[in-house]
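Have a look at the structure below before the remarks.
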Amino acid sequence: MSLLAISLIFLILSISVYTNSDEEESETSMIKIIEPIGPCINSQCPRRHICRNEKCYPNSLKAETYRSQRKLESIGPCIGGLCPKNYECFEDDQCYTVPEE
């Protein structure tokens, strides 16, 4: 094999590895890691937070998006930023049921 052929193969492999690592990096940088703010108290969290695995996480899901995706109506307003168990308070101050993950 000539030196030119070896150089060309090395160049192609280098570009392939570089391109794949860029794709992996951009995919992982798009994943937003959300940390809990603390434990749930009586399965409840502050307004605009959700209780998952006994920890409170910020709820970034907009109520309008949630309603349109789930085609659900609220059961009523949040009281003091809280909803009954298995319901979550969204930014429109309404309680919506959310399936357990």
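All the letters of the sequence shown, read from the start, carry residue numbers -19 to -1, 1 to 82 under mature numbering (1 follows the signal peptide of the UniProt record, and there is no 0).
Yeah, the Cβ is synthetic: ideal placement off N, Cα and C, and Gly gets one too.
Predicted model only: the values in this text are computed from it and were never measured.
Tell me whether residue i sits in a helix, a strand or coil according to DSSP, three-state version.
i   : result
P65 : coil
R29 : coil
I15 : coil
C70 : strand
Spatial neighbours of residue i within its chain, please: C-beta separation below 6 Å, excluding the five flanking residues on both sides.
i   : result
K66 : S24
Quick one: is the Cβ of residue i within less than 8 Å of any heavy atom of the ligand NAD?
i   : result
G62 : Ligands displayed in this structure: none; no statement on the ligand NAD is therefore possible.
Bridge partners for residue i per DSSP, in chain order?
i   : result
P58 : Q75
C37 : G19 and C32
CA-CA distance, residue i and residue j?
i   : j   : result
G57 : R33 : 22 Å
R29 : D74 : 9 Å
K36 : G62 : 17 Å
P17 : T78 : 20 Å
Enumerate in chain order the residues of its own chain whose CB-to-CB distance from residue i is below 8 Å, with the five nearest sequence positions on each side excluded.
i   : result
R76 : Going by the sequence as given, residue 76 is Cys instead of Arg. The answer, listed in chain order, is S55, I56, G57, P58, C59, C64, P65, Y68, E69 and C70.
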